[in-house]
Amino acid sequence: MENSSKKQGLLPILSNENVNFKREIVAGVTTFLTMAYIIAVNPNILSQTGMPAGALVTATCLTAAMACILMGLFANLPFALASGMGLNAFFAFSVVIGMGISWQTALTAVFIEGIIFILLSLFKVREAVVNAI
481 MENSSKKQGL LPILSNENVN FKREIVAGVT TFLTMAYIIA VNPNILSQTG
531 MPAGALVTAT CLTAAMACIL MGLFANLPFA LASGMGLNAF FAFSVVIGMG
581 ISWQTALTAV FIEGIIFILL SLFKVREAVV NAI
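Per this note's numbering, the very first residue in the sequence shown carries number 481; after that it's consecutive.
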C-alpha cells in the first residue's frame, strides 16, 4: 500500500505541488501594500481621543500581523485582517469624543465585548441564534 500523505510541518500548505513559494510571497506583499494605509489612518483617527500615536502605530502593526498569521496558520485561508476604519471612527468620534467617555473606559468596554463574543462562540450560542433565524 502506497503512502500518499503529504509532508507535514509548520506550513503543510507549502508542500502541496500546486503551491509556488514565489507566488505566495508576491501575494503577501501585494496584500500588505493594499492594507498599508491602515498603519497611518488608524493611529491618526484614534490619536484624536488622546491615545499616544506611537503606541497606536505599534499596536496597529502588531495586531494586524498577528491576526493575519493566525488566520493563515490555523484557518489556512488567505484572508488579511486588520482594524476596521468604520469601527475605529465610531469608537473615536461617537463614543469617546461624542459621549465624553474616556478612551480607557471605552477600550475596557471593547475588551469585555470581545470576551463575551468569544464565550458565545465557544458555547455555540452564536450558532444556535443563527440557526434559529
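Glycine included, each C-beta is placed from N, C-alpha and C at the ideal position.
In the three-state reduction of the DSSP assignment, Gly578 falls in the helix class, which pools H, G and I. In summary, Phe591 is exposed, with fewer than 16 beta-carbon neighbours lying within 10 Å of its beta-carbon over all protein chains present. The DSSP-derived three-state label of Ser563 is coil. Asn498 and Ile525 have their C-alpha atoms roughly 42 Å apart. Check the Cα spacing between Ala544 and each of Phe571, Met531, Thr514 and Ala569: the tightest is with Thr514. Phe554 is classed as exposed because its beta carbon has fewer than 16 other beta carbons within 10 Å across all chains shown. In this structure, Thr511 sits away from Asn522, with a CB-CB distance that is not shorter than 7 Å. Just measuring C-alpha positions, the residue of Gly508, Val609 and Ala612 sitting nearest Leu557 is Gly508.
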